[in-house]
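Protein chains in written order, with full-length UniProt numbering: chain A, 1 to 418; chain B, 1 to 418.
This report refers to the structure that appears directly beneath it.
Protein chains: 2
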Amino acid sequence: MEAASVRIEILNTGTELLLGSTLNTHGHWMGQELLKMGLRVQRQTTVPDGEAIHEAMRESVMRSDALIVTGGLGPTSDDLTREATAEVLGIEMIEDEQAVRTMREFFRARGYAAMPEGNRKQALVPVGADVLPNANGTAPGIYVPPRLGQASACAIFLLPGPPSELRPMFHEEAAPRLRALAGIEDAGEAVELKFVGIGESSFADGIDEDLQAIEGLEFGYCARLGELDLRLIGGNDAITAARDLVAKSFSKQYVSDDGSSLEEVVVREMASRGLKLATAESCTGGLIANRVTNVPGSSAVLTHGFVTYANEAKVGVLGVKEETLAKVGAVSEEVCREMAEGALAASGSDLAIAVTGIAGPGGGSDEKPIGTVFVGLAQKGKETFVLTKCDPRNRLSFKQQVSQLALDLVRRRVVHGE
Amino acid sequence: MEAASVRIEILNTGTELLLGSTLNTHGHWMGQELLKMGLRVQRQTTVPDGEAIHEAMRESVMRSDALIVTGGLGPTSDDLTREATAEVLGIEMIEDEQAVRTMREFFRARGYAAMPEGNRKQALVPVGADVLPNANGTAPGIYVPPRLGQASACAIFLLPGPPSELRPMFHEEAAPRLRALAGIEDAGEAVELKFVGIGESSFADGIDEDLQAIEGLEFGYCARLGELDLRLIGGNDAITAARDLVAKSFSKQYVSDDGSSLEEVVVREMASRGLKLATAESCTGGLIANRVTNVPGSSAVLTHGFVTYANEAKVGVLGVKEETLAKVGAVSEEVCREMAEGALAASGSDLAIAVTGIAGPGGGSDEKPIGTVFVGLAQKGKETFVLTKCDPRNRLSFKQQVSQLALDLVRRRVVHGE
Numbered sequence: 001m002e003a004a005s006v007r008i009e010i011l012n013t014g015t016e017l018l019l020g021s022t023l024n025t026h027g028h029w030m031g032q033e034l035l036k037m038g039l040r041v042q043r044q045t046t047v048p049d050g051e052a053i054h055e056a057m058r059e060s061v062m063r064s065d066a067l068i069v070t071g072g073l074g075p076t077s078d079d080l081t082r083e084a085t086a087e088v089l090g091i092e093m094i095e096d097e098q099a100v101r102t103m104r105e106f107f108r109a110r111g112y113a114a115m116p117e118g119n120r121k122q123a124l125v126p127v128g129a130d131v132l133p134n135a136n137g138t139a140p141g142i143y144v145p146p147r148l149g150q151a152s153a154c155a156i157f158l159l160p161g162p163p164s165e166l167r168p169m170f171h172e173e174a175a176p177r178l179r180a181l182a183g184i185e186d187a188g189e190a191v192e193l194k195f196v197g198i199g200e201s202s203f204a205d206g207i208d209e210d211l212q213a214i215e216g217l218e219f220g221y222c223a224r225l226g227e228l229d230l231r232l233i234g235g236n237d238a239i240t241a242a243r244d245l246v247a248k249s250f251s252k253q254y255v256s257d258d259g260s261s262l263e264e265v266v267v268r269e270m271a272s273r274g275l276k277l278a279t280a281e282s283c284t285g286g287l288i289a290n291r292v293t294n295v296p297g298s299s300a301v302l303t304h305g306f307v308t309y310a311n312e313a314k315v316g317v318l319g320v321k322e323e324t325l326a327k328v329g330a331v332s333e334e335v336c337r338e339m340a341e342g343a344l345a346a347s348g349s350d351l352a353i354a355v356t357g358i359a360g361p362g363g364g365s366d367e368k369p370i371g372t373v374f375v376g377l378a379q380k381g382k383e384t385f386v387l388t389k390c391d392p393r394n395r396l397s398f399k400q401q402v403s404q405l406a407l408d409l410v411r412r413r414v415v416h417g418e
Numbered sequence: 001m002e003a004a005s006v007r008i009e010i011l012n013t014g015t016e017l018l019l020g021s022t023l024n025t026h027g028h029w030m031g032q033e034l035l036k037m038g039l040r041v042q043r044q045t046t047v048p049d050g051e052a053i054h055e056a057m058r059e060s061v062m063r064s065d066a067l068i069v070t071g072g073l074g075p076t077s078d079d080l081t082r083e084a085t086a087e088v089l090g091i092e093m094i095e096d097e098q099a100v101r102t103m104r105e106f107f108r109a110r111g112y113a114a115m116p117e118g119n120r121k122q123a124l125v126p127v128g129a130d131v132l133p134n135a136n137g138t139a140p141g142i143y144v145p146p147r148l149g150q151a152s153a154c155a156i157f158l159l160p161g162p163p164s165e166l167r168p169m170f171h172e173e174a175a176p177r178l179r180a181l182a183g184i185e186d187a188g189e190a191v192e193l194k195f196v197g198i199g200e201s202s203f204a205d206g207i208d209e210d211l212q213a214i215e216g217l218e219f220g221y222c223a224r225l226g227e228l229d230l231r232l233i234g235g236n237d238a239i240t241a242a243r244d245l246v247a248k249s250f251s252k253q254y255v256s257d258d259g260s261s262l263e264e265v266v267v268r269e270m271a272s273r274g275l276k277l278a279t280a281e282s283c284t285g286g287l288i289a290n291r292v293t294n295v296p297g298s299s300a301v302l303t304h305g306f307v308t309y310a311n312e313a314k315v316g317v318l319g320v321k322e323e324t325l326a327k328v329g330a331v332s333e334e335v336c337r338e339m340a341e342g343a344l345a346a347s348g349s350d351l352a353i354a355v356t357g358i359a360g361p362g363g364g365s366d367e368k369p370i371g372t373v374f375v376g377l378a379q380k381g382k383e384t385f386v387l388t389k390c391d392p393r394n395r396l397s398f399k400q401q402v403s404q405l406a407l408d409l410v411r412r413r414v415v416h417g418e
């Protein structure tokens, strides 16, 4: 079987996952781990504890080569994954002696006099299945090899729900078996390119068709606020062709191919050049500094952040002129320039970025509607550059969008000298 | 139809959700929102972009009364949700003129000369379906009422993938229709109390048993970073009894019962008293100011935010003494006090909050391990108060946790005079 042709599904069980009490991170985590092996998840399903597991499992085993089930291996009455598996496959269950011994040992090591009898059902296994040891909890996992039951050729992994138990078991027990099933010798090719300053429609009108024409290439977009990720999957040649095509059209907007965020790239590029940054924020209210300082090592880059929300702060801290404020208002090209230059002077940094705008919901006018923003970049020995845009969104999206604009101005100056 | 008997499924589309590039939070968020309405999700499925949507949708509409589909409404070739819906239901598609006008307006407002032609397909709608306006993006949503297609009686909602677009549309367009479908007259009795400064174990050790004894009360906890939400569901009497019980035990830690965040409460309480705030942040790097300025109307409260990441910034901007820094280091009670008092003086505000700590992963020592933090509160005419804590977490969790500590100090001072 070729890796790409192995059909894998994930079935997450647990009522708490559907009521919003617990965020389901299994699919996300396993998707990443499987992709590293060149494998892909074809479908992920979440069902509540209880009978719904049977139905979902019956459907999945008909569609897939391998099914990974999480949760429902505990000792209580709503833990029914083991039983559902045996029933769906038409196999008897048997108590695994080794599993009982291991569980007794688990309780003894934690100072219990004896194993609670309720835990005993955790040692039940469909006949012919493998018990997967669990070093981090009581519930052993189970592996049902393909064609063990008459009902399907699908391989089934039953893994415990808690991430601290699931993840080690996945690595140690499930991954090697999946590799063997898929006949994988090394990992496939998958890359994600991150862009800032272009949207999905720039691709749709530009090179989407050309990408489609590349043989053996699979690609997809994921649009975020002020950011676009392009995912490429395929052979080496296909990916190289796609990269070349994209590089020609969008070289300046390209940010990273290793998952690095815009702020990570800004910190890395500035740190490697020994450059220091200061921020002067009005409408973003500290978001830009916050994003930069989310990056480990950012203390080598960011020296000062000024959140000058009030006009007195702009005047007192950054030296914006009262007369400029009176003449053109706080949301203006002139004030933005004075903020950037003031932050540069006050901090002694190499670069200073300034933003002033109207985040809403209040504060807009006909002349300066909500969404109006000025972003300025000051640098020692260079003329200050100010751009303006109007992007009326809700308050938080506006802040995020403006912080993208600002960080991207810094990136383009540092990386491309723009 | 009774609320509890309405079968709801969620179908998330997007290859990025299965490859682990994007964490799927839709199910979690919608599960919570639906539960507030007394509705429950019976199954959640994730499929990649493309043909798999057809198959999954065909299955879901046969099983459910309402299907909520997310993603795949963009302008590119892999956005196929609209088409899949029309095909599964056997309905023609038609261009919605109002939707085209709205999209043109969206691009015009953002300074584009014209709408890219590729976006035009976003205005295609199955005949007879409702267009759901999208104030935060180009992709309109779609609502297909029950029994519109011959293939099923299921109501279908197509919502955009980005959370900033999906969430408002869910509230404004999907929730009222779901309520109508389920015959729900009002939102039912459900209340969520938010606490800061206590954990789940404070409840478990304290009043959990007493809550269990209240007849007709269903309750649950949701622990977040530095925050605990207690969800109460039941009749008026049960909820009142639970509230009284909780108020007796945790009155100082109680933050809100209307979903208001800690920063919203801080802004509201300070604004109503005409109080002004300044922040001086080292290890949180702007997060506190950012959280405060996420709140509409915060410009009435926050005047100055200082992100003094470098020692020179602490000295130059806040007047921290060089000798204090040399003697006890930047992460110390003394420097924290000088930062808070410096921010108070530089800003002229009524209150100033200061934080200095070690976020990691670098910078820890035996004496001051990673996670060490000092939080100081200065107020005109009062003695400055400094607390210290050590909570070694990863960088982002640490920042969040410290910002909670700081904002809660402000809240307790303003609301309780502590």
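Even for Gly, the Cβ is constructed at its ideal location relative to N, Cα and C.
Partner residues on chain A for B:R395, Cβ-Cβ distance less than 8 angstroms: Within the second sequence, the letter at position 395 stands for residue 395 of chain B. Going along chain A in sequence order, the residues near B:R395 (Cβ under 8 angstroms) are N294, P296.
Status (buried if at least 16 other CB within 10 Å, exposed otherwise) for B:A280: Residue 280 of chain B sits at position 280 when you count from the first residue of the second sequence. In summary, B:A280 is buried, with 16 or more beta-carbon neighbours lying within 10 Å of its beta-carbon over all protein chains present.
A:T45 and A:S60 closer than 8 angstroms at C-beta: Residue 45 of chain A sits at position 45 when you count from the first residue of the first sequence. Residue 60 of chain A sits at position 60 when you count from the first residue of the first sequence. By the CB criterion at 8 angstroms, A:T45 and A:S60 fall inside the cutoff.
Span separating the alpha-carbon of A:V335 from that of A:S397: If you number the first sequence from 1, residue 335 of chain A lands on position 335. If you number the first sequence from 1, residue 397 of chain A lands on position 397. Their Cα atoms are separated by approximately 23 angstroms.
Chain A contact for B:Y164 (CB, 8 angstroms cutoff): One-based indexing of the second sequence puts residue 164 of chain B at position 164. Tyr is not the amino acid found at residue 164 of chain B; the sequence shown has Ser there. Taking 8 angstroms as the threshold, the shortest C-beta distance from B:S164 to chain A falls below it.
Proximity to B:L159 [Cα-Cα], best of B:D258, B:R243, B:G14, B:E227: Here residue 159 of chain B refers to the residue found at position 159 of the second sequence. Comparing alpha carbon positions, the residue from B:D258, B:R243, B:G14, B:E227 closest to B:L159 is B:G14.
Short CB-CB distance (under 8 angstroms) between A:A406 and chain B: The sequence position of residue 406 of chain A within the first sequence is 406, counting from 1. The beta-carbon of A:A406 is placed no less than 8 angstroms from the nearest beta-carbon of chain B.
Residue 500 of chain A - DSSP class collapsed to helix/strand/coil: A question about residue 500 of chain A goes unanswered here, because the residues of chain A that appear run from 1 up to 418.
CB-CB length for B:S164 against A:L225, believed under 8 angstroms: Within the second sequence, residue 164 of chain B is the residue found at index 164, counting from 1. Within the first sequence, residue 225 of chain A is the residue found at index 225, counting from 1. Yes, B:S164 and A:L225 are in contact; Cβ-Cβ is about 6 angstroms, under 8 angstroms.
Sub-8 angstroms separation of B:V6 and B:L35 beta-carbons: Sequence index remark: in the second sequence, residue 6 of chain B carries index 6 (1-based). Sequence index remark: in the second sequence, residue 35 of chain B carries index 35 (1-based). For B:V6 and B:L35, no; Cβs fall outside 8 angstroms.
Contact under 8 angstroms by Cβ, A:L80 with A:V144: As a working note, residue 80 of chain A is residue 80 in the first sequence. As a working note, residue 144 of chain A is residue 144 in the first sequence. No; because the gap between Cβ atoms is not below 8 angstroms, this pair is not in contact.
3 or more residues per run - each beta strand (DSSP E) lying fully within the stretch 59-114 of chain A: Look at the stretch 59-114 of chain A and you find these whole runs of beta strand (DSSP E), each 3 residues long or longer: 66-70, 93-95.
Three-state class that DSSP yields for B:C283 in the structure shown: Looking up residue 283 of chain B in the second sequence gives position 283. When secondary structure is reduced to three states using DSSP, B:C283 falls in the coil class, being assigned neither helix nor strand.
At least three beta-carbon pairs within less than 8 angstroms, the stretch 124-135 of chain B to the stretch 85-100 of chain B: Touching, yes, given that three or more Cβ pairs across the two stretches are closer than 8 angstroms.
Rounded straight-line distance, which links the Cα of A:T324 to that of A:A378: Residue numbering aside, residue 378 of chain A sits at position 378 when the first sequence is read from its first letter. Residue numbering aside, residue 324 of chain A sits at position 324 when the first sequence is read from its first letter. Between A:A378 and A:T324, the alpha-carbon positions lie close to 18 angstroms from each other.
Near-chain B residues of the stretch 37-54 of chain A (beta-carbon distance less than 9 angstroms), N- to C-terminal order: So the list reads R40, V41, Q42, R43, Q44, T45, T46, V47, P48, A52, given in the order they occur along the chain.
Minimum Cβ-Cβ distance from A:T70 to chain D less than 8 angstroms: The structure shown contains no chain D; its protein chains are A and B.
Best match in B:E33, B:L17, B:N12, B:L18 for proximity to A:L19 [C-alpha to C-alpha]: In the first sequence, the residue the question calls residue 19 of chain A occupies position 19. Closest by alpha carbon: B:E33.
Nearest candidate by alpha-carbon position, reference B:V265, set B:R110, B:M37, B:R413, B:D65: Position 265 of the second sequence holds residue 265 of chain B. Among B:R110, B:M37, B:R413, B:D65, the Cα nearest to that of B:V265 belongs to B:R413.
Selection from A:A155, A:E172, A:D257, A:L166 that minimises the alpha carbon distance to A:K194: Along the first sequence, read from residue 1 onward, the residue named residue 194 of chain A stands at position 194. Nearest option by C-alpha distance: A:D257.
Any chain A beta carbon closer than 8 angstroms to B:V290: The residue given as residue 290 of chain B occupies position 290 in the second sequence. This sequence places Asn at residue 290 of chain B; Val is not what is there. Judged by the 8 angstroms Cβ criterion, B:N290 is in contact with chain A.
Helix, strand or coil at A:R147 [DSSP, three-state]: Within the first sequence, numbered from 1, the residue matching residue 147 of chain A stands at position 147. In the structure shown, A:R147 sits in coil (DSSP, three-state: anything other than H, G, I, E or B).
Nearest-angstrom Cα separation, counted from A:Y221 out to B:S64: For the purposes of this step, residue 64 of chain B is taken as the residue at position 64 of the second sequence. For the purposes of this step, residue 221 of chain A is taken as the residue at position 221 of the first sequence. One C-alpha to the other measures close to 30 angstroms.
Contact list for B:E312 against chain A, beta-carbon separation under 9 angstroms: Mapped onto the second sequence, residue 312 of chain B falls at position 312. Within 9 angstroms Cβ-Cβ: T303, H304, S347, G348.
B:M339 vs B:G286 beta-carbon contact at 8 angstroms: Position 339 of the second sequence, counted from the first residue, corresponds to residue 339 of chain B. Position 286 of the second sequence, counted from the first residue, corresponds to residue 286 of chain B. Note that the C-beta distance between B:M339 and B:G286 is not below 8 angstroms.
Proximal chain A residues relative to B:E16, where beta-carbon distance stays under 8 angstroms: Residue mapping note: residue 16 of chain B aligns to position 16 of the second sequence, counting from 1. What B:E16 touches in chain A, judged by beta-carbon distance under 8 angstroms, is G220, C222, D229, R231, going in chain order.
Identified DSSP bridge partners for B:T356: Within the second sequence, numbered from 1, the residue matching residue 356 of chain B stands at position 356. Paired residues: B:F374.
Per-residue DSSP class, three states only, for B:C336: Position 336 of the second sequence, counted from the first residue, corresponds to residue 336 of chain B. In the three-state scheme derived from DSSP, where H, G and I count as helix and E and B as strand, B:C336 is classed as helix.
DSSP-derived helix/strand/coil call for B:T240: Residue numbering aside, residue 240 of chain B sits at position 240 when the second sequence is read from its first letter. In the three-state reduction of the DSSP assignment, B:T240 falls in the helix class, which pools H, G and I.
Coarse secondary structure for B:R231, derived from DSSP in three states: As a first step, residue 231 of chain B is located in the second sequence; it is residue number 231 there, counting from the start. DSSP places B:R231 in strand when its eight states are reduced to three.
Environment of B:R395 [buried if 16+ CB atoms lie within 10 Å]: On the second sequence, residue 395 of chain B is found 395 positions in, with the first residue counted as 1. Burial call: buried.
C-alpha distance - B:L181 paired with B:L67, whole-angstrom precision: Here residue 181 of chain B is taken as the residue at index 181 of the second sequence, counted from 1. Here residue 67 of chain B is taken as the residue at index 67 of the second sequence, counted from 1. So the alpha carbons of these two residues sit roughly 12 angstroms apart.
Per DSSP, cross-strand counterpart(s) of A:C390: On the first sequence, position 390 is the one that residue 390 of chain A refers to. A:T372.
Residue environment, B:M62, which counts as buried when at least 16 other CB atoms sit within 10 Å: Residue numbering aside, residue 62 of chain B sits at position 62 when the second sequence is read from its first letter. So B:M62 ends up on the exposed side.
The stretch 340-357 of chain B in contact with the stretch 270-279 of chain B per 3-pair CB rule at 8 angstroms: Contact annotation: the stretch 340-357 of chain B touches the stretch 270-279 of chain B, with at least three C-beta pairs closer than 8 angstroms.
B:D408 and B:L262 closer than 8 angstroms at C-beta: Translated into the one-based positions of the second sequence, residue 408 of chain B becomes position 408. Translated into the one-based positions of the second sequence, residue 262 of chain B becomes position 262. Contact flag set, yes.
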